[in-house]
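There are 2 protein chains.
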Amino acid sequence: MKFEFQNPTHLVFAAGALSRLGEVASAHGKRALLVTGGGSVKRSGVFDRAVSSLKLAGVSVVECSGIEPNPRISSVIRGAGIARSEKCDVVIALGGGSTMDASKVIAAAVLYEGDPWDMFLHGQENVHVPASALPVITVPTLAATGSEMNCGAVISNEESKVKSFIQANCLYPKVALVDPELTLTVPADHTAYGVCDIITHVTEGYFNGVEGTPLQDRFAEGVILTAMEWGKKAVADGSDIEARAQVQWASVVALNGWVQIGTDAAFPVHMIEHTLSALHDIAHGAGLAVVNPAWMRFAAKARPARFAQFAQRIFGVPARPGDELGCAIEGIERFEAFLASIGCPLRLSQLGIDAALLQQYAQDTLHIVHDDQGRLPGCPPMGESDIVDVLRSAL
Amino acid sequence: MKFEFQNPTHLVFAAGALSRLGEVASAHGKRALLVTGGGSVKRSGVFDRAVSSLKLAGVSVVECSGIEPNPRISSVIRGAGIARSEKCDVVIALGGGSTMDASKVIAAAVLYEGDPWDMFLHGQENVHVPASALPVITVPTLAATGSEMNCGAVISNEESKVKSFIQANCLYPKVALVDPELTLTVPADHTAYGVCDIITHVTEGYFNGVEGTPLQDRFAEGVILTAMEWGKKAVADGSDIEARAQVQWASVVALNGWVQIGTDAAFPVHMIEHTLSALHDIAHGAGLAVVNPAWMRFAAKARPARFAQFAQRIFGVPARPGDELGCAIEGIERFEAFLASIGCPLRLSQLGIDAALLQQYAQDTLHIVHDDQGRLPGCPPMGESDIVDVLRSAL
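Line by line, the protein sequences give chains A and B. Heads up: the first sequence is residues 1 to 395, going by the working numbering. Heads up: the second sequence is residues 1 to 395, going by the working numbering.
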């Protein structure tokens, strides 16, 4: 085990914390670019409450609305343009993962003269990893992405149809203002997709990390068990603030680096799903619900002991001496049953995706990230035909 | 659940990381006060390796050795005097919890004109919580205290016989350079005391925190299970670097704030033990091994469900519907058996402590910290007679 870690984000977690936005933001700037997605924060009144809090604290507000799901580089360029011309000195993301991801990249793009797409890590040469960005404050309205307390972002290029990612220390939000009340209006389906996203963030490290991280294993299992227990309640009753808070908290933890620390994890399931949602406008968490179990059946053969541990510790499947793979498969089946029970899709057909482009999904995935043998990193690494096979098994 | 959290420490964790000390320190200062405890780091060659690394990176070294176990405020004053007269601009702690705690307070005391004891939180009025300190780098040589990545310190006043604590944001180390190789020479008994310290850091929050923190419960259980599994191996074979690394990592996590986050935990077992080790020069972890199980038997009556959860999840004790307390007690017995199995004491008599001063221990504890009804905070709060009873049960 060998690693470095530093997450400087100041986390403020409380029901009702939105009312502190102005106080929190005024420590970092006087003129905020307030970034939002669709109209839901306006319909719910959250936008107006945010603006009131900011103005009360003497922070003026410039609006950048309309960040789409699977946010586009063109939206980033538009937001950076507004921030620059309006001389904003702080970027506030009020929304879900798309809004937060776009906000981070806007904050870096404001200070970068070139094409912001240069900052992305999709296998190209001469990546310009940003060294500075405007301060960012994240106010998540959805429990899913974990973007609120990490330094990564995923953005799509609508021209090249590439969904790529960025990671840079300057993108850690100064403050993550996490108010579970803001998730009370999220509909059941997107609540469920969020739960799947949370779980998948930790299964990636759990199944694709190095051996010899027993404490991190326990942390990952803790996130999975908590997200399952409380996610089910949040889907069943969206007004259950206790369930919303627990799921929101699991979302923060699942991708702020604490759980994956030292695992040197790869994210093959995310990489494959990104390709799907770059070409089809599907919800990321729904895509993960389809890809993850299919990938698990593939990967379990290479690492049955680890998948058997998952089955035993998460679902209480009895150990089967001499048949670890059988135990592993039972765990995967139970995981699928859980996902189905909260309303997640399990087949590509449920997402409107058929077999026509399987090869292209595989090629696009490998185009974005591959090891020196051209394979998708993970345990085990995947060639093009492996990716096609996994997706075909999920048709 | 409602909390704020920020831990800015840069964690560098690797076997062999000591060789990077110079590189790491040179980013924070050019003249280091190198603080050490007894002579063990000199005998082992670790001191010389540290000095070499620092000099190679252009960092000059001023020595402050002889920080005693249960470090004294007079040592802090001595260290601050050296740092001031030698114009040190960074403080490096190379040692165990005592050395790291003293180093943090030295770093603050250098910048404070008054009596450093003013900065401590033992129920007195007009506490001077420090707002600034020299940068601190921690290099732990023992897996126990967790001081390497948090902003607290415990110091004894040899005149008043008070062992008090300090907590301030400026005391977060800039870097925690954690090299499990440095713990290879720790003898079996102190390895075991360290394991007990690690476990007790998380049981405090687990048993004395608020209700409704299921994810934090899982994290705490993860630390306990990992510390038990790998602690046993480290005690059995001190040269097992894998076991040393896992225990060291558990030590960092157990008190860097991640596990206790949002639990609003009290630390009654630590408070009672501090009184014992202020009056008797016993190892902190050994004192905890005696006090914690005795306290658990007392506290389980007030919170049997939580102790039954501990019994079930840590030791696999079967649930006993209708007899949660019975299940809880079985868990505590198994915990005692574990502590005994790694060589920890379980009775005060093993520490050379008899019944003569029980009343004084209780009064001293309550003098340092008490709620507005004069009780020691915890679940349940303890009056003087409760503390006496708990200690008497451990004679």
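C-beta: ideal position from N, C-alpha, C; glycine also. Quick caveat, the model's predicted, so the values are computed rather than measured.
- Taking 8 Å as the CB threshold, B:V223 lines the interface with chain A.
- Among the residues of chain B, none has a CB under 7 Å from the CB of A:G209; the nearest is roughly 14 Å distant.
- With fewer than 16 other Cβ atoms from the protein chains shown falling within 10 Å of its own Cβ, B:V127 counts as exposed.
- Taking the C-beta atoms as reference points, B:L94 is found no nearer than 8 Å to B:S53.
- As DSSP reads the structure, A:C64 sits in a beta bridge with A:V35.
- B:D197 and B:A168 have their alpha carbons spaced roughly 22 Å apart.
- Under a criterion of Cβ atoms nearer than 9 Å, no residue of chain B is adjacent to A:Q363; the nearest Cβ is some 37 Å distant.
- Secondary structure at A:N150: coil, using DSSP grouped into helix, strand and coil.
- Against A:W258, the close residues of chain B are W258, in the order they occur along the chain (beta-carbon pairs closer than 7 Å).
- Taking a cut-off of 8 Å for Cβ pairs, the region 359-366 of chain B and the region 381-392 of chain B touch, as three or more such pairs fall below it.
- With three or more CB-CB distances shorter than 8 Å, the region 342-349 of chain A counts as touching the region 283-292 of chain A.
- Judged by beta-carbon spacing, B:C379 lies within the 8 Å limit of B:A299, meaning their Cβ atoms are closer than that value.
- Under the three-state reduction of DSSP output, A:A133 falls in the coil class, being neither helix nor strand.
- The region 172-184 of chain B and the region 266-275 of chain B do not touch, with fewer than 3 CB-CB distances between them shorter than 8 Å.
- Cβ-Cβ separation between B:T226 and B:A250: approximately 5 Å, consistent with a contact (criterion under 8 Å).
- Here the alpha carbons of B:V61 and B:Q373 stand approximately 49 Å from one another.
- By DSSP's assignment, A:K163 forms a beta bridge with A:S156.
- A Cβ of chain B is located within less than 8 Å of the beta carbon of A:V253.
- Rounded to whole angstroms, the gap between the alpha carbons of B:L111 and B:S103 is 13 Å.
- A residue is called buried when at least 16 other Cβ atoms come within 10 angstroms of its Cβ; A:Q360 does not meet this threshold and is exposed.
- Here A:Q309 carries a helix assignment [DSSP, helix/strand/coil].
- Counting every other CB atom within 10 Å of its CB across the protein chains shown gives B:P130 a total of 16 or more, marking it as buried.
- Taking A:H28 as the centre and dropping the five residues before and after it, the same chain places the C-beta of V90, P135 and K174 closer than 6 Å to its C-beta, in chain order.
- Residue contact check for A:G262 against chain B: a CB pair falls below 8 Å.
- Relative to the Cα of B:G322, the nearest Cα in the group B:P304, B:G331 and B:V105 belongs to B:P304.
- Among the residues of chain A, those whose CB is under 8 Å from the CB of B:E4 are H10, L11, V12 and F13, following chain order.
- For B:R320, the secondary structure class from DSSP, reduced to helix, strand or coil, is coil.
- Setting aside the 5 residues that flank it on each side, B:Y172 is surrounded in the same chain by P8, T9 and C151, each with a C-beta closer than 6 Å to its C-beta; the list follows chain order.
- Interface criterion met: the Cβ of B:E229 is under 8 Å from a Cβ in chain A.
- Counting along the chain, no alpha helix (DSSP H) covers B:V369, and no H or E run does either.
- A direct Cα-to-Cα measurement between B:E148 and B:G96 gives close to 9 Å.
- A:S98 sits close to A:G37, with the two beta carbons spaced by under 8 Å.
- The C-beta separation of B:R43 from B:L18 comes to about 16 Å, leaving the pair out of contact by the 8 Å criterion.
- Per the coordinates, the alpha-carbon of B:T275 lies some 17 Å from the alpha-carbon of B:S393.
- The contact set of B:G212 on chain A, defined by CB atoms closer than 9 Å, consists of E242, A245 and Q246 in chain order.
- The count of Cβ pairs closer than 8 Å, one atom from the region 220-238 of chain A and one from the region 209-223 of chain B, reaches three, so the stretches are in contact.
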